[in-house]
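Q: Take this structure first; my questions come after.
Numbering (the numbering used here), first residue to last: 367 to 410.
Below is the structure:
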């Protein structure tokens, strides 16, 4: 059994590394409870 949630986020950022850093910061602060949850980020 697997349970999860997905967030699709659009950023107006041309630098891929900066976009990934921004997304990871958002996940750590807003979207994931890092004590009990893991997350992954995919840039497409």
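By construction, the Cβ of each residue, glycine as well, lies at the ideal position given by its N, Cα and C atoms.
Just so you know, these numbers come straight off a predicted model, no measurement behind them.
Determine the extent of the alpha helix (DSSP H) in which residue 395 is found, giving its start and end residues.
A: Careful: residue 395 lies outside any alpha helix (DSSP H) and carries neither H nor E.
Q: Using the Cβ count rule (16 or more neighbours within 10 Å means buried), how would you classify residue 396?
A: exposed
Q: Which value, in whole angstroms, describes the spacing of the CA atoms of residue 378 and residue 402?
A: The C-alpha of residue 378 lies about 30 Å from the C-alpha of residue 402.
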